[in-house]
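Enquirer:
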Amino acid sequence: MNLLRRHPVAIVLVVLLLATAIHPLSPLVDAVTGSAPGDVDLERPVLYVLFAPLSNTLDALTFFSLARAVWAFTVWVLLLAAWGAIRASSDSQSPRRVIATALLGPAVVVLLAGAAVLLPRPVPRLVHDGAGTVLDYHAHTNASHDGRPGWTLAKLADWHERQGYEASYVTDHNVVYDGSLPVPGGTSISLLPGVEWSVHQQHVVAIGPVEPLPRDSFQGSTPRMIRIFAAIERQGGLSIASLPEYWRYHWDDLGAFVLGGVDGFEIVNCAPKALGFPSDLRRQVLTLAGSHDLMVVGASDNHGWGRVTCVWNVSLPGAQGFHTNRVFARPLALVQGDWQPWTAAVTQPWFLLRSLSWSERASWLTWVVIILLYRAMPRREGQGAGLGILARSLGPRRRTTVPNETPT
Ligand SMILES: [Zn+2]
């Protein structure tokens, strides 16, 4: 009980790490069958596992749907600010010190969010032992209006290569990539021709031998928009209806999409606006696609922000039909769509902990023990103690306090 009172956060974390190991989530899920795949795996670099608490947290922040991100950040910032303020005031600190302590927690949340988007770091890669190519159907460069500045073909290829992809279609917004531009830097990734057309309330990914289209003739109404599927087919390309648009704006038109000649549907898309796609709707799309032998694909929809993808495909480029493509997703990308956004502050960390591998879980526990030991060590005032100095100078207690009396 004494330990719990002195280090409540550490003890709660240990209990959660053990509790979530009882009913873990598979590190990868087959998005079509919903089960754990046998012939693909996530390979994690040593540094990724060594710093698993940071690696896993940054991954979980990257896989946030927009609505869940807003809720989680609001709740975390308010709770941490309140906690800091209460601790500092109960210690009779000056008002300035109370405000400084209250801002510390929110500042860490903002720093972590920034790191998830920008920080170069080791990332997991997909490995597979079956036939086929690890493929991305939908990714952007700085040729897109919302692509990251400086996000060149070479950087996009490098991003894919680090995560185990072997090829990616380049699908910039309304800018055809014909595959003829050389990719500097000696990458092993094949960059394949494609484009993402913005038409009436829908984005349509076109892949294969695509060419410019008179986009205006597919604007204004759903029947006009649907004609783009046949136009892409006449070019020899394949058309894929993108998320979140068909879910948000055309859910009742999917039968018309099929009649119009759409070749497939995205069932997982890692963009924040698309990550909330609920699994019961995914099942309906799978049924529709299965009954018409249409493709279902996963899309990183990478725009240059964030270091990790939430989905991979194992396929043959150019193949068609329901059974030609397999979609493997990180579980957080699938399960969060079934939870109300306001639960995100709790459910996102819960799913993160449930999806840890044993090596990652061991890394988390090791870090908790290291920090506990470090904090339990008696230290005289003025002794050099690295981060301890920072913690003491920003923390609610006075510098004369012996660190082992500070709650964790
Ligand atoms: Zn896109």
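If you're matching positions, the sequence shown starts at 1 in our numbering and goes up one per residue. Glycine is no exception: its CB is placed at the ideal position from the N, C-alpha and C atoms.
For the alpha helix (DSSP H) containing residue 64, name the first residue and the last one.
Expert: It is not in any alpha helix (DSSP H) - residue 64 carries neither H nor E in the DSSP assignment.
Enquirer: For residue 42, which residues in the same chain have their Cβ closer than 7 Å to its Cβ, ignoring the five residues on either side in sequence?
Expert: The residues are 27, 28, 124 and 126.
Enquirer: With 16 as the cutoff for other CB atoms within 10 Å, does residue 386 come out buried or exposed?
Expert: Its pLDDT being 49, under 50, residue 386 is placed unreliably in this model, and the coordinates cannot settle the point.
Enquirer: Does ligand 1 have even one heavy atom less than 7 Å from the beta-carbon of residue 196?
Expert: Yes - ligand 1 has a heavy atom lying nearer than 7 Å to the Cβ of residue 196.
Enquirer: Given a cut-off of 8 Å, decide if residue 145 and residue 173 are closer than it, judged by their beta-carbon atoms.
Expert: Yes, the pair counts as a contact, with Cβ atoms nearer than the cut-off.
Enquirer: What's the call for residue 313, buried or exposed, on a 16-neighbour Cβ count within 10 Å?
Expert: Buried.
Enquirer: Quick one: give me the first and last residue of the alpha helix (DSSP H) that residue 2 is part of.
Expert: Counting along the chain, the alpha helix (DSSP H) containing residue 2 begins and ends at 2-6.
Enquirer: Leaving out five residues on either side along the sequence, give the residues of the same chain with a beta carbon under 7 Å from the beta carbon of residue 98.
Expert: 85, 88 and 89.
Enquirer: Could I get the ranges of all uninterrupted alpha helix (DSSP H) runs contained in the segment 152-199, with 4 residues as the minimum, in chain order?
Expert: Listed in chain order, they are 153-162.
Enquirer: Can residue 138 be considered in contact with ligand 1, in the sense that its beta carbon sits closer than 7 Å to one or more heavy atoms?
Expert: For ligand 1, at least one heavy atom lies less than 7 Å from the Cβ of residue 138.
Enquirer: Please report how far the alpha carbon of residue 228 lies from the alpha carbon of residue 241, in whole angstroms.
Expert: Rounded to whole angstroms, residue 228 to residue 241 spans 11 Å at the Cα level.
Enquirer: Tell whether a beta-carbon distance below 8 Å holds between residue 71 and residue 342.
Expert: In contact: residue 71 and residue 342 (Cβ atoms closer than 8 Å).
Enquirer: For the beta strand (DSSP E) that contains residue 295, what are its first and last residues?
Expert: First-last of the beta strand (DSSP E) with residue 295: 295-299.
Enquirer: Do residue 170 and residue 139 have their C-beta atoms within less than 8 Å of each other?
Expert: Cβ distance < 8 Å, so residue 170 and residue 139 count as in contact.
Enquirer: Quick check on residue 328: does DSSP put it in helix, strand or coil?
Expert: Note: residue 328 maps to strand in three-state DSSP.
Enquirer: From residue 45 to residue 116, what does the alpha carbon distance come to, in whole angstroms?
Expert: Roughly 17 Å separates the two Cα atoms.
Enquirer: Ends of the alpha helix (DSSP H) at residue 229?
Expert: 222-234 is the extent of the alpha helix (DSSP H) around residue 229.
Enquirer: Within the present structure, is the beta-carbon of residue 171 separated from the nearest heavy atom of ligand 1 by less than 7 Å?
Expert: Checking the Cβ of residue 171 against ligand 1 gives yes.
Enquirer: Just checking, does the segment 288-299 make contact with the segment 91-111 on the three C-beta pairs under 8 Å criterion?
Expert: As far as the Cβ criterion goes, the segment 288-299 does not touch the segment 91-111, which means the pair count is below three.
Enquirer: May I ask you to verify whether the segment 258-276 touches the segment 52-67, counting CB pairs closer than 8 Å and requiring at least 3?
Expert: Yes, the segment 258-276 touches the segment 52-67.
Enquirer: Using DSSP's beta-bridge definition, name the partner residues of residue 248.
Expert: According to DSSP, which records beta bridges pairwise, residue 248 is partnered with nothing at all.
Enquirer: DSSP three-state call for residue 312: helix, strand or coil?
Expert: Reduced to three states, the DSSP call for residue 312 is strand.
Enquirer: Count the other C-beta atoms from every protein chain shown that fall within 10 angstroms of the C-beta of residue 12, then say buried if there are 16 or more, exposed otherwise.
Expert: The residue is exposed, with fewer than 16 neighbouring Cβ atoms inside 10 Å.
Enquirer: Closest to residue 325 by C-alpha separation, out of 230, 263 and 365, would be which residue?
Expert: Closest by alpha carbon: 263.
Enquirer: Around the C-beta of residue 148, are 16 or more other C-beta atoms found within 10 angstroms, so that it is buried, or is it exposed?
Expert: Counting Cβ neighbours within 10 Å, residue 148 comes out buried, since at least 16 surround it.
Enquirer: Please report how far the alpha carbon of residue 237 lies from the alpha carbon of residue 143, in whole angstroms.
Expert: So the two alpha carbons sit approximately 21 Å from each other.
Enquirer: Once you ignore the five residues that flank residue 175 on each side, which residues in its own chain have a CB closer than 6 Å to its CB?
Expert: The residues are 143.
Enquirer: Please return the same chain residues whose Cβ sits closer than 8 Å to the Cβ of residue 321, not counting the five positions on each side in sequence.
Expert: Here the set comprises 293, 294 and 295.
Enquirer: Say whether the segment 350-360 touches the segment 6-24, bearing in mind that this needs 3 or more beta-carbon pairs closer than 8 Å, one atom from each stretch.
Expert: Yes, since at least three Cβ pairs between the segment 350-360 and the segment 6-24 fall closer than 8 Å, the two stretches touch.
Enquirer: Tell me residue 43's beta-bridge partners as DSSP assigns them.
Expert: 125, per the DSSP bridge assignment.
Enquirer: Quickly, what does DSSP pair residue 238 with across the bridge? List them, please.
Expert: According to DSSP, which records beta bridges pairwise, residue 238 is partnered with 207.
Enquirer: Just checking residue 200 against ligand 1 - is the residue's beta carbon closer than 7 Å to any of the ligand's heavy atoms?
Expert: No; taking the cut-off as 7 Å, the Cβ of residue 200 has no heavy atom of ligand 1 nearer than that.
Enquirer: Less than 8 Å between the beta carbons of residue 135 and residue 165, yes or no?
Expert: Yes, Cβ-Cβ distance for residue 135 and residue 165 is below 8 Å.
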